[in-house]
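Some notes on the structure that comes next.
There are 2 protein chains.
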Amino acid sequence: MEIKVMQNVLKANDVFADQTAELLKAKGIRLLNLIGSPGAGKTSVLELMIPLLKDKGLRIAVIEGDCATARDAQRIAVLDVPVVQINTGNGCHLDARQIGTVMTEFPLEDIDMVIIENVGNLVCPTGFDLGADEKIAVISVTEGDDKPLKYPRIFHEAKMVILTKIDLIPYTNFSLQRFTDALRSIRQDQELFLLSCTTGEGAEKLVERFWM
Amino acid sequence: MEIKVMQNVLKANDVFADQTAELLKAKGIRLLNLIGSPGAGKTSVLELMIPLLKDKGLRIAVIEGDCATARDAQRIAVLDVPVVQINTGNGCHLDARQIGTVMTEFPLEDIDMVIIENVGNLVCPTGFDLGADEKIAVISVTEGDDKPLKYPRIFHEAKMVILTKIDLIPYTNFSLQRFTDALRSIRQDQELFLLSCTTGEGAEKLVERFWM
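Residue numbers (our numbering), protein chains in the order written: chain W, 1 to 212; chain L, 213 to 424.
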């Protein structure tokens, strides 16, 4: 009973996800789904990247997911891009129906890329397809180099991994070698980007990847 | 349909939680449920505290929750306390049935306190009662001082909050004042413990609280 209903929930989700994917494909818009723990630095990555991507002429819109508050949307709004905040209450992930509804509010003719910042959670958001072209894992140095092994699913599904807060490596026991080994044990073709939103180190490489 | 089944799942969970609570109460055993994001430092807190609590004569057992690997249980086992690892696969929280099963494997006559380290997740574990005497929130400096506002439920339910990685405050924009204000806006009677597992700062106060 429980399993059957969960399958129905996921199937209904996938219908909405497919609709979003088709809509955006027809308009030539890319959709990214950023997934990471609370405090991994997802919003900071957007704050750093959006001005650089705007400079290159890319027109971006953002969907922010959080249990509560519009704090992240407020941080993004000052960058002068369309942004919508979704509050999930006790919900642990964004679902495709929510994303589909937001799409009706965006000026899609004037957008090249929509970036979703999912609810801070390294587990649940991975299971819900949002119609995105790719899932991107965001993980911070301070979470520890063993996390890909302990929470493997997102690192299996996300080809692209952004490692944030690399400026804090000297003050922790984080080993980039152990982290890379852990990633590679899950997926061989992973693209790893090192980033510090404090110093800006790594931003240029990331811009090139987003802009491709 | 979906809501009704979710209610049934939670109701079934509560039956197991009540059984565990009654069993442990009858034996005079305290049960703690540690909840925090991946990398918040939950295992490090246990590594620091367990030897100190053992020195005071407290007999401890540990239940470790993770999606994959037995790494955390291995770290705890070297402290020479009973420990069981539960791997949830894609599951985002521990449930009371799992905890009840583990209790049958512990030598309860020789235990004063069982500590559960839940799956790294600031959202889902909060919704599943495990029969614990209290939920304890573990959050790290590097997650940012705004997280209680964005993920309020656990900070509403947990009277006790352990703020880890305080040795990293000088290298971040974390404000202890903003963090404390955020906590107090959710719950007035919160007990906040500051801790560095690297330097050991704050451990003695925490031992006293655990030992009470």
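Ideal placement from N, C-alpha and C gives every residue a C-beta, glycine not left out. A quick note: this is a predicted structure, and the numbers were derived from the prediction, not measured.
- Listed along chain L, the residues sitting closer than 9 angstroms to Arg71/W by beta-carbon distance are Asp358, Leu361 and Lys362.
- The alpha carbon of Val257/L has as its nearest neighbour, out of Ile328/L, Gly301/L and Lys362/L, the alpha carbon of Ile328/L.
- Between the C-alpha atoms of Leu130/W and Leu404/L there is a straight-line separation of about 38 angstroms.
- Around Val331/L, the beta-carbon contacts reaching into chain W at under 8 angstroms are Val123.
- Per DSSP, the continuous alpha helix (DSSP H) segment holding Asp72/W begins and ends at Arg71 to Ala77.
- Going by DSSP, Leu265/L is part of the alpha helix (DSSP H) stretching over Lys254 to Asp267.
- Of the other Cβ atoms in all chains shown, fewer than 16 fall within 10 Å of the Cβ of Lys239/L; this residue is therefore exposed.
- Proximity to Pro360/L across Asp66/W, Gln7/W and Leu52/W peaks at Asp66/W, based on C-alpha coordinates.
- The beta carbons of Asp345/L and Leu244/L sit closer together than 8 angstroms.
- Excluding five sequence positions before and after Met103/W, the CB atoms of its chain that fall closer than 7 angstroms to its own CB belong to Thr20 and Leu23, given in chain order.
- Around Lys165/W, the beta-carbon contacts reaching into chain L at under 8 angstroms are Thr354.
- The C-beta distance from Met325/L to Ile241/L rounds to 7 angstroms, short enough to meet the 8 angstroms contact threshold.
- Contact of Arg178/W with chain L is not assigned, every C-beta pair being separated by 8 angstroms or more.
- Spatial neighbours of Ile99/W in its own chain (CB-CB distance under 6 angstroms, excluding positions within 5 residues in sequence) are listed in chain order as Thr20 and Leu130.
- Cβ-Cβ distances below 7 angstroms link Cys124/W to Cys92 and His93 in the same chain, with the five nearest sequence neighbours on each side left out; the list follows chain order.
- Secondary structure at Ala280/L: coil, using DSSP grouped into helix, strand and coil.
- By the Cβ test, the segment 222–230 of chain L is not in contact with the segment 375–382 of chain L, since fewer than three Cβ pairs between them sit closer than 8 angstroms.
- For Gly312/L, no Cβ of chain W is located within less than 8 angstroms of the residue's own Cβ.
- Sequence-distant partners of Arg421/L (beyond 5 residues in either direction) whose C-beta falls short of 8 angstroms from its own C-beta, in its chain, are Met372, Glu403 and Phe405.
- Residue environment: Pro319/L is assigned as exposed (fewer than 16 neighbouring CB atoms within 10 Å of its CB, all protein chains considered).
- Chain W has no Cβ within less than 8 angstroms of the Cβ of Cys409/L.
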